[in-house]
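A quick write-up on the structure given underneath.
Residue numbers (my numbering), protein chains in the order written: chain Z, 3 to 160; chain G, 609 to 780.
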């Protein structure tokens, strides 16, 4: 492409950009006037400029409420209802506890049994250190409370 | 329920009417119902809201979901072939808030003209002009750079002018 053709192409692209800015209402009055002057030398672009700046306001096509407030609210409510149905039912702590207890009760019992048994056998329990039921109920040595009661009895007698 | 789901649900009453308007404009002239698309888009968004990264707002994210669902529907129904065959009278207006029959007629003509744009250009017109999104937001939704969007907008306006001219409309 020759230099002059390139320059011309650039100038047309520049003008198109300015036309776009005009259609977006981004040009000042001065810039618009200058653009219009430049376009007199490019009738094709001048037509584009005219078409674009005389387009009706497209935003008017849908600027009114599409649906009345009530109908829109109803649709929103319907949507929220549908979403609500997607949610799993809320689980209370009680339900959750029962659910997990049922599910893991056997495993938990076995584990508890295994742990307590393990703990019991891991202790080095000799026969001498065993405390029998009789010893607990009828201790050989007097307890401190009995000594105290005995002391009190002697005190009252005095 | 997670907080992102709660937050999304709270915003539905605001998001729904806006997206409804945009999708009505986007789907005008097709046989795809905006309400069906909206319902599906909101449910899809709700199910995956925890994956929403929050780089953009809920609205632009929802818009891209709704647009993708619409394009899937177009493909299923081979909508493009039938696109321009809808007469002006078939562009339903549910609002009765018009001062005159002429005003209503003008709105119908505009809707018909927008619906005749190719999907690529119509998307930009709807998002920018009807929905009021910025080019930067549109760029997030469509994953296209802003200059390309401006070029598309320029082409869309030229095409709209041509369509209105063919319809015999000089001024609205």
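Backbone N, C-alpha and C fix where the C-beta goes; we use that ideal spot for every residue, glycine too.
Nearest CA to the CA of residue i: which residue from the options?
{"i": "residue 80(Z)", "options": "724(G), 650(G) and 640(G)", "result": "650(G)"}
{"i": "residue 672(G)", "options": "617(G), 718(G) and 648(G)", "result": "648(G)"}
{"i": "residue 788(G)", "options": "676(G), 641(G) and 617(G)", "result": "Residue numbering for chain G in the displayed model covers 609 to 780; residue 788(G) lies beyond these limits and cannot be assessed."}
{"i": "residue 23(Z)", "options": "37(Z), 12(Z) and 103(Z)", "result": "37(Z)"}
{"i": "residue 62(Z)", "options": "738(G), 726(G) and 723(G)", "result": "738(G)"}
{"i": "residue 637(G)", "options": "741(G), 726(G), 656(G) and 744(G)", "result": "726(G)"}
{"i": "residue 40(Z)", "options": "18(Z), 84(Z) and 121(Z)", "result": "18(Z)"}
{"i": "residue 712(G)", "options": "34(Z), 64(Z), 27(Z) and 74(Z)", "result": "64(Z)"}
Under 8 Å, do residue i and residue j count as touching if we go by C-beta distance?
{"i": "residue 653(G)", "j": "residue 670(G)", "result": "yes"}
{"i": "residue 678(G)", "j": "residue 645(G)", "result": "yes"}
{"i": "residue 683(G)", "j": "residue 729(G)", "result": "no"}
{"i": "residue 82(Z)", "j": "residue 617(G)", "result": "yes"}
{"i": "residue 661(G)", "j": "residue 612(G)", "result": "no"}
{"i": "residue 643(G)", "j": "residue 76(Z)", "result": "no"}
Along the chain, where does the alpha helix (DSSP H) containing residue i start, and where does it finish?
{"i": "residue 766(G)", "result": "754 to 774"}
{"i": "residue 751(G)", "result": "Run containing residue 751(G): none; DSSP gives neither H nor E here."}
{"i": "residue 84(Z)", "result": "71 to 88"}
{"i": "residue 64(Z)", "result": "Here residue 64(Z) belongs to no alpha helix (DSSP H), and DSSP marks it neither H nor E."}
{"i": "residue 643(G)", "result": "642 to 655"}
{"i": "residue 682(G)", "result": "666 to 685"}
{"i": "residue 616(G)", "result": "611 to 635"}
{"i": "residue 48(Z)", "result": "45 to 55"}
{"i": "residue 731(G)", "result": "727 to 733"}
{"i": "residue 711(G)", "result": "709 to 723"}
{"i": "residue 35(Z)", "result": "31 to 41"}
Excluding the five sequence neighbours on either side, which residues of its own chain have a C-beta within less than 7 Å of the C-beta of residue i, listed in chain order?
{"i": "residue 158(Z)", "result": "none"}
{"i": "residue 674(G)", "result": "627, 631, 645, 646 and 649"}
{"i": "residue 746(G)", "result": "732, 735, 736 and 757"}
{"i": "residue 777(G)", "result": "717"}
Which residues in the same chain as residue i place their Cβ atom closer than 6 Å to its Cβ, once the five residues preceding and following it in sequence are excluded?
{"i": "residue 772(G)", "result": "721"}
{"i": "residue 748(G)", "result": "664 and 668"}
{"i": "residue 116(Z)", "result": "none"}
{"i": "residue 741(G)", "result": "735"}
Below 8 Å CB to CB, which residues in the same chain sit around residue i once its five sequence neighbours on both sides are set aside?
{"i": "residue 25(Z)", "result": "54, 55 and 57"}
{"i": "residue 640(G)", "result": "678, 681, 682, 685 and 687"}
Does the ligand GDP have even one heavy atom less than 7 Å from the beta-carbon of residue i?
{"i": "residue 110(Z)", "result": "Annotation note on the ligand GDP: not contained in the displayed structure, which lists no ligands."}
Pairing CB atoms from the stretch 654 to 669 of chain G with CB atoms from the stretch 616 to 625 of chain G, are three or more of them under 8 Å?
yes
Using 8 Å as the threshold, is the stretch 49 to 56 of chain Z in touch with the stretch 752 to 766 of chain G, meaning 3 or more CB pairs across them?
yes
Tell me whether the stretch 633 to 640 of chain G and the stretch 725 to 738 of chain G touch, counting them as touching only if at least three CB pairs, one residue from each stretch, are closer than 8 Å.
Yes, the stretch 633 to 640 of chain G is in contact with the stretch 725 to 738 of chain G.
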